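Chemist:
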Amino acid sequence: MSQSAEGTSATTMPMTLAPIAERYQIDRRIGQGGSAVVYRCRDLHTGQIVALKMLRTNHPLVPASRQRFQREARLASMLGHPNIVRILDFGSTDPPSSDEWGGWFFDAEQPVEFLCMEYIHGPTLKQFVRRTGACPLPWVLTIIDQLAAALASAHSLGIIHRDVKPQNVLLLDLESHTMPKLADFGIAREIAGNSLTSLTQTGQVLGTPDYLSPEQVLGESGGKQSDVYALGIVFFELLTGQLPFDAETPLAAASRRMFVDPPVPSDLAPYIPPSIDEVVLRALRREPRDRLRSANELRDALTWAAAHEGIEMNDCWSEVSDLPLPPPSE
């Protein structure tokens with residue numbers, strides 16, 4: 001769950017609330033999901049505005065969620081890349097007073113796990129593409145290149161994201177350019193030697209159906225090339241304004257990709273040159289053995305295609321479109 005969770009609205013909290021972990025003064029709720037809630041806070045030690053993700057403890061799946069949350073905190077704290085949301089602190093704290101919080105998310109008898117992140121005041125990439133539709137090619141190439149760099153960094157540390165999707169990418173508007181930030185390593189998997197270690201069982205499908213690789217649809221754990229596949233779908237979506245596989249339900253669309261090749265992007269957006277088509281389709285090959293082998297290989301293919309077509313990568317949206325970034329969902 002990213003900071004700008006879709007379908008939620010900001011809720012201002014009473015200023016009488018005691019600081020979380022005697023440090024984080026909550027301003028307002030900015031997102032919530034099935035297992036966690038995200039708040040905009042002020043760090044009383046540094047004065048910085050931060051995002052505080054807190055595990056919900058008032059639902060029956062708390063033990064499994066707690067293990068997954070602790071793993072997310074540990075794995076995400078290992079990462080240090082400009083295109084990955086930075087983890088500042090994590091731990092557990094006494095539950096907030098149920099009187100103050102209305103018992104919405106927390107059991108007064110259980111400690112609460114928290115994860116403190118840099119605060120990104122911007123929309124998710126999904127919110128953005130829903131508003132804009134197909135995006136300018138130089139901008140898309142730059143965004144995908146930066147996200148591939150983020151994945152390459154995680155993969156180099158033995159961490160597989162497994163839930164790459166535009167909902168988990170926050171857009172930081174720096175006025176002169178746009179920086180994507182990959183978030184939510186909640187179902188990440190860790191490579192130990194030549195094997196994968198996880199809290200989930202083989203055959204259990206995790207991730208968002210619209211962006212699952214064929215091997216993940218079959219219940220396999222997913223590796224580096226599964227992240228490449230998911231980023232390939234994001235690539236397709238940014239170029240065309242739509243997903244490559246259409247069906248009545250996301251699960252039906254996920255099932256289709258095991259048997260049907262994706263359409264050629266330029267069939268939907270004729271401005272896309274053949275070399276870019278080729279990169280997207282190589283990322284979306286059904287069999288991992290036929291797919292681009294790594295995030296770095298995807299970056300190399302992007303660089304070659306851009307040079308071949310004479311396209312200069314450009315992350316400055318204002319130079320390629322008059323449409324401004326939409327505001328975050330707060």
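At position 237 of the sequence shown the residue is numbered 237 (our numbering), and the sequence of numbers has no breaks.
For glycine and all other residues, C-beta sits at the position ideal for the given N, C-alpha and C.
For clarity, every value in this text was computed on a predicted model and none was experimentally measured.
Could you say which of F259, L17, K224 and F185 lies nearest to L218 if we only look at CA atoms?
Modeler: The candidate whose alpha carbon is nearest that of L218 is F259.
Chemist: Using alpha carbons as the reference points, say which of T208, H177 and H121 lies closest to A254.
Modeler: The shortest Cα separation from A254 among T208, H177 and H121 belongs to T208.
Chemist: Taking the alpha-carbon of Q70 as reference, which of L55, H81, H177 and N314 has the nearest alpha-carbon?
Modeler: Nearest of L55, H81, H177 and N314 to Q70, Cα basis: L55.
Chemist: Under the DSSP definition of a beta bridge, which residues are partnered with C41?
Modeler: I26 and V50, per the DSSP bridge assignment.
Chemist: Which value, in whole angstroms, describes the spacing of the CA atoms of S65 and E72?
Modeler: About 10 angstroms.
Chemist: Tell me the rounded alpha-carbon separation between V50 and L115.
Modeler: Going from the Cα of V50 to the Cα of L115 covers about 10 angstroms.
Chemist: Can you give me the start and stop residues for the beta strand (DSSP E) that P180 sits inside?
Modeler: Unbroken beta strand (DSSP E) run through P180: T178 to L182.
Chemist: Between which two residues does the alpha helix (DSSP H) carrying F393 extend?
Modeler: The requested residue 393 is not part of the displayed model; the chain covers only 1 to 330.
Chemist: Quick one: residues in its chain with C-beta nearer than 6 angstroms to the C-beta of S35, no 5 flanking neighbours on either side, listed in chain order?
Modeler: Counting only Cβ-Cβ distances below 6 angstroms, and skipping sequence neighbours, we find R56 and S65.
Chemist: Kindly list the residues whose CB is nearer than 7 angstroms to the CB of N314, restricted to its own chain and excluding five residues on each side of it in sequence; keep chain order.
Modeler: Excluding positions up to five away in sequence, the list reads P138, W139, T142 and V320.
Chemist: Please state whether the Cβ-Cβ distance between Q3 and M117 is less than 9 angstroms.
Modeler: Yes; because the gap between Cβ atoms is below 9 angstroms, this pair is in contact.
Chemist: Measure the beta-carbon distance from G133 to L171 and round it to whole angstroms, keeping in mind my assumption that it falls under 8 angstroms.
Modeler: That belief does not hold up - the Cβ atoms of G133 and L171 are roughly 16 angstroms apart, past 8 angstroms.
Chemist: Nearest by alpha-carbon distance to F128: which of I120, L182 and Q167 is it?
Modeler: Here the closest residue by C-alpha is Q167.
Chemist: Q167 by DSSP, collapsed to three states: which one?
Modeler: In the structure shown, Q167 sits in a helix (DSSP, three-state: H, G or I).
Chemist: Can you have a look at A149 and say buried or exposed, based on whether 16 or more other CB atoms are within 10 angstroms of its CB?
Modeler: Under this definition A149 is a buried residue.
Chemist: Contact defined as beta carbons within less than 8 angstroms: I believe I160 pairs with M78. What is the distance between those atoms, to the nearest angstrom?
Modeler: 13 angstroms between Cβ atoms; not a contact.
Chemist: In the DSSP assignment, the beta strand (DSSP E) including I87 goes from what residue to what residue?
Modeler: From DSSP, the beta strand (DSSP E) with I87 extends over I87 to T93.
Chemist: Nearest CA to the CA of L212: which residue from Q225, E220, A230 and V234?
Modeler: Residue A230 is the option with its Cα nearest to L212.
Chemist: For T124, list the residues DSSP reports as bridge partners.
Modeler: DSSP, once it has assigned bridges, lists L170 as partnering T124.
Chemist: Is the number of C-beta pairs between the stretch 232 to 246 and the stretch 267 to 276 that are closer than 8 angstroms three or more?
Modeler: In short, these stretches touch, since the Cβ pair count reaches three.
Chemist: Spatial neighbours of A252 within its chain, please: CB distance less than 7 angstroms, with the 5 preceding and 5 following residues excluded, ordered by chain position.
Modeler: Excluding positions up to five away in sequence, the list is empty.
Chemist: Check this for me: beta carbons of A305 and L292, under 9 angstroms apart or not?
Modeler: Cβ atoms of A305 and L292: not closer than 9 angstroms.
Chemist: Hey, could you find the ends of the alpha helix (DSSP H) V217 is sitting in?
Modeler: Run containing V217: P214 to V217, per the alpha helix (DSSP H) assignment.
Chemist: Would you tell me roughly how many angstroms separate the C-alpha atoms of G310 and L52, rounded to the nearest one?
Modeler: So the alpha carbons of these two residues sit roughly 43 angstroms apart.
Chemist: Out of curiosity, what's the CA-to-CA distance linking Q201 and Y271?
Modeler: With a pLDDT of 42 at Q201, under the threshold of 50, the modelled position of that residue is not reliable, and the figure given next carries that caveat. Their Cα atoms are separated by approximately 43 angstroms.
Chemist: In the structure shown, what three-state DSSP assignment does V280 receive?
Modeler: It is helical.
Chemist: By the three-class DSSP mapping on this structure, what secondary structure does I272 have?
Modeler: In the structure shown, I272 sits in coil (DSSP, three-state: anything other than H, G, I, E or B).
Chemist: So for V112, helix, strand or coil by DSSP?
Modeler: Strand, per DSSP.
Chemist: Rounding to the nearest angstrom, what Cα-Cα distance links V112 and P95 in this structure?
Modeler: Using only the alpha carbons, I get a separation of about 6 angstroms.
Chemist: For A64, which of helix, strand or coil comes out of DSSP?
Modeler: Note: A64 maps to helix in three-state DSSP.
Chemist: DSSP puts L251 in a beta bridge; with which residues?
Modeler: Its beta-bridge partners do not exist; DSSP assigns none.
Chemist: Nearest to Q48 by CA position, among R23, P265 and L298, is which residue?
Modeler: With distances taken between Cα atoms, Q48 lies closest to R23.
Chemist: Which one or two residues does DSSP pair with G31 in a beta bridge?
Modeler: Answer by DSSP bridge pairing, in chain order: V38.
Chemist: Since I believe A295 is in contact with V228 (beta carbons under 8 angstroms), could you give me their beta-carbon distance rounded to a whole number of angstroms?
Modeler: 6 angstroms between Cβ atoms; contact.
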